[in-house]
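Protein chains in written order, with the numbering used here: chain S, 1 to 285; chain X, 1001 to 1285.
Just so you know, even glycine gets a beta-carbon here, dropped at the ideal spot from N, CA and C.
In this text, all values refer to a predicted model and were calculated from it rather than measured experimentally.
So the structure is just underneath, and the comments pick up after that.
There are 2 protein chains.
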Amino acid sequence: MAMDGYKGFLALLVAALLFGFLSVILTIVWVLHYRGGLAWDGGSLEFNWHPVLVVTGFVFIQGIAITVYRLPWTWKCSKFLMKSIHAGLNAVAAILAIVSLVSAFDFHNTMNIRNMYSMHSWIGLAVVILYMLQLLLGFLVFLLPFAPPSLRALLMPIHVYCGIFIFGTVIATVLMGLTEKLLFSLNNPAYSSLPPEGVFVNVLGFLVLVFGGLICWIVTRPQWKRPKEPDLTILQPNGGTCERVEGSMAINFGEMDKSNSELNDETAARKRNVALEEATQRSTM
Amino acid sequence: MAMDGYKGFLALLVAALLFGFLSVILTIVWVLHYRGGLAWDGGSLEFNWHPVLVVTGFVFIQGIAITVYRLPWTWKCSKFLMKSIHAGLNAVAAILAIVSLVSAFDFHNTMNIRNMYSMHSWIGLAVVILYMLQLLLGFLVFLLPFAPPSLRALLMPIHVYCGIFIFGTVIATVLMGLTEKLLFSLNNPAYSSLPPEGVFVNVLGFLVLVFGGLICWIVTRPQWKRPKEPDLTILQPNGGTCERVEGSMAINFGEMDKSNSELNDETAARKRNVALEEATQRSTM
Chain S
1 MAMDGYKGFL
11 ALLVAALLFG
21 FLSVILTIVW
31 VLHYRGGLAW
41 DGGSLEFNWH
51 PVLVVTGFVF
61 IQGIAITVYR
71 LPWTWKCSKF
81 LMKSIHAGLN
91 AVAAILAIVS
101 LVSAFDFHNT
111 MNIRNMYSMH
121 SWIGLAVVIL
131 YMLQLLLGFL
141 VFLLPFAPPS
151 LRALLMPIHV
161 YCGIFIFGTV
171 IATVLMGLTE
181 KLLFSLNNPA
191 YSSLPPEGVF
201 VNVLGFLVLV
211 FGGLICWIVT
221 RPQWKRPKEP
231 DLTILQPNGG
241 TCERVEGSMA
251 INFGEMDKSN
261 SELNDETAAR
271 KRNVALEEAT
281 QRSTM
Chain X
1001 MAMDGYKGFL
1011 ALLVAALLFG
1021 FLSVILTIVW
1031 VLHYRGGLAW
1041 DGGSLEFNWH
1051 PVLVVTGFVF
1061 IQGIAITVYR
1071 LPWTWKCSKF
1081 LMKSIHAGLN
1091 AVAAILAIVS
1101 LVSAFDFHNT
1111 MNIRNMYSMH
1121 SWIGLAVVIL
1131 YMLQLLLGFL
1141 VFLLPFAPPS
1151 LRALLMPIHV
1161 YCGIFIFGTV
1171 IATVLMGLTE
1181 KLLFSLNNPA
1191 YSSLPPEGVF
1201 VNVLGFLVLV
1211 FGGLICWIVT
1221 RPQWKRPKEP
1231 DLTILQPNGG
1241 TCERVEGSMA
1251 INFGEMDKSN
1261 SELNDETAAR
1271 KRNVALEEAT
1281 QRSTM
């Protein structure tokens, strides 16, 4: 069971990475081969950075960032280290997303195209702002040591859900953006005659969608959750480093709720409290 | 706690219904006021049924269909009745989705526009096919009485996840479709000058997105899950009717995992098994 769970996790992770990696590659090939390449000149070649940076940062890196806690080989690392990696990857994705916005606005301004008229731009800007708020709130509440456990417990399910919702909305926004760009750029032959570039970018849209579906599956499986912190802090008082922890943790991978067996001698009331606390703090989504 | 949980659930449900209802209304106002109305003539007025049927059926009714198990006042109803309602609403949504496809294809054929060239059409057709498969599989495995419990336990997390993934993909596809239609239809003034219709449909896109976000929040909260069936079948052997069940169920709304207290005198091994089975059968997502 433990090994089966581990193999299943690995297979899905590899599949997700493959779809994510292919999405990035296809986006780069698209702008280089079909859209004239990349430059930072205020023109359409600067705009080409927009899809490249969004798919690389806001899709692929964000997808990895929300998955890091679930990598079994990181369970021997401290929670603080993993939080730092999670926050760091999300910060990189945020920076790339901001630069991608600059490239789009620069292009519009140079070409005298109005900014912020399309649904893609409205939802896209909204999701970037939400992402920044999520990053800031996550940093203040979960990474800095000042927030009381009760506040963390209260905000954790919201943080997790908003993270997945933002990720899904980014993917929807990418699909809108690709649709827009094909309709703007493909004339003679038009998109409606389905030229090779149309097929190519439609496939890219599918890859991005499947990547999103795989990442969301991985991050919402209760059995693939990182084991609770208390076990770790007791076993490993040395904080931020990443050392082998001897014990049942790695072996128990794939087991549903090992904390249940630890509650063996407790009263029913205590059990309910723990279950409540657990579900609040470690809500899957 | 129980009452707080119930009020929170109700508030979010009312908010979701409001956003869903407004989405349907705005879609109807859009096609009637800005797009010339509705007809079944093979022309653009027939096409107008496409967004109306999709937003009404594939978004709003599907959103309600995936939420029905979580309505506390239905917990006194048999699981079979609720499954039938769940399947029935999804079947209605599927029929409306199919008719919406017919209206789009009819329009394209009349106007000599190529079918199935856009990303919207590719992902849209794929998600309709997935929805049909999900409906068929759900009917065979969960509604008909023939599937063994082990198969149901195995497929339940996949059924739940695919349901939410399909729902999210439908919303992404709606946003692509609205983007396409605005770019096709708005000339003089163009979409890029942000005429009233552009603002109107952008707002519609936001409403659909928020509706999706609220529904997904509601259906993924562990504390709002329908209590397990065994309690019900014991208390209520009369099957498909919907009668008041005296007991702690309604009062316990909002409590995390009441089955925990029932396991008081069991062995640790038994507890692990139940937890495993529970998590497999009742996976939130």
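By the Cβ rule, the stretch 1209 to 1218 of chain X does not count as touching the stretch 149 to 156 of chain S, because fewer than three pairs are nearer than 8 Å.
Taking a contact to require three or more Cβ pairs closer than 8 Å, the stretch 33 to 44 of chain S and the stretch 13 to 20 of chain S do not qualify as touching. Taking 8 Å as the cut-off, the beta carbon of valine 1201 of chain X is found no closer than this to the beta carbon of valine 1055 of chain X. Your pair leucine 1143 of chain X and serine 1084 of chain X checks out as a contact, with CB atoms roughly 7 Å apart and the cut at 8 Å.
For the pair glycine 213 of chain S and phenylalanine 1165 of chain X, the CB atoms are nearer than the 8 Å cut-off. Burial state of lysine 1007 of chain X is exposed, judged by a 10 Å Cβ sphere holding fewer than 16 other Cβ atoms. Listed along chain X are Leu1175, Met1176 and Thr1179, each with a C-beta nearer than 7 Å to that of methionine 176 of chain S. Contacts between histidine 1120 of chain X and chain S, judged by CB atoms closer than 7 Å, involve Thr179 in chain order. Closer than 9 Å at the C-beta level to chain S, one finds these residues of the stretch 1101 to 1114 of chain X: Ile1113 and Arg1114. Here the C-alpha atom of tyrosine 1069 of chain X lies approximately 25 Å from the C-alpha atom of valine 1174 of chain X.
Linking asparagine 1115 of chain X to phenylalanine 1105 of chain X through their CA atoms gives a straight-line distance of about 7 Å. Only those residues of the stretch 1200 to 1214 of chain X whose C-beta falls short of 8 Å from the nearest C-beta of chain S are listed: Val1201, Asn1202, Gly1205, Phe1206, Leu1209 and Gly1213. Contact between glycine 1198 of chain X and proline 1051 of chain X does not hold, since the beta-carbon distance rounds to 15 Å and is not under 8 Å.
At a cut-off of 4 residues, the continuous stretches assigned as alpha helix (DSSP H) that sit fully inside the stretch 116 to 191 of chain S are 119 to 138 and 149 to 185.
Take the alpha-carbon of asparagine 1048 of chain X and the one of alanine 172 of chain S: they are about 23 Å apart.
Within chain X, the residues whose beta carbon sits less than 9 Å from that of serine 192 of chain S are Ile1113, Arg1114, Tyr1117 and Ser1118, listed in sequence order. Cβ neighbours of glycine 1138 of chain X within its own chain (closer than 7 Å, five residues either side excluded): Ala1087 and His1159. Pairing glycine 1163 of chain X with glutamine 1134 of chain X gives a Cβ-Cβ distance under 8 Å.
Residues of chain S with a Cβ closer than 7 Å to the Cβ of leucine 1125 of chain X do not exist, since the nearest Cβ in that chain sits about 12 Å away. If the five residues before and after lysine 1079 of chain X are omitted, its C-beta is found closer than 6 Å to the C-beta atoms of Glu1229, all from its own chain and listed in chain order. Between tryptophan 75 of chain S and proline 227 of chain S, the C-beta spacing is below 8 Å. In its chain, beyond the 5 residues on either side, Gly1057 have a beta carbon closer than 8 Å to the beta carbon of isoleucine 1095 of chain X.
At a C-beta separation below 9 Å, cysteine 1216 of chain X has these neighbours in chain S: Tyr161, Ile164, Phe165, Gly168 and Met285. The residue from S:Leu204, S:Ile64, S:Gln223 and S:Leu194 with its alpha-carbon nearest to that of tyrosine 1117 of chain X is S:Leu194.
For the stretch 1010 to 1027 of chain X, the set of positions with a beta-carbon nearer than 7 Å to some beta-carbon of chain S is empty. When C-beta distances to chain S are compared with 9 Å, every residue of the stretch 1051 to 1065 of chain X stays at or above that value.
Identification of chain S residues near leucine 1183 of chain X by a Cβ-Cβ cut-off of 9 Å yields Ser118, Thr179, Glu180, Leu183 and Phe184, ordered along the chain. The C-beta distance from tyrosine 1191 of chain X to leucine 1183 of chain X rounds to 6 Å, short enough to fall under 8 Å.
Boundaries for valine 31 of chain S: no alpha helix (DSSP H) harbours it, and the DSSP string shows neither H nor E there.
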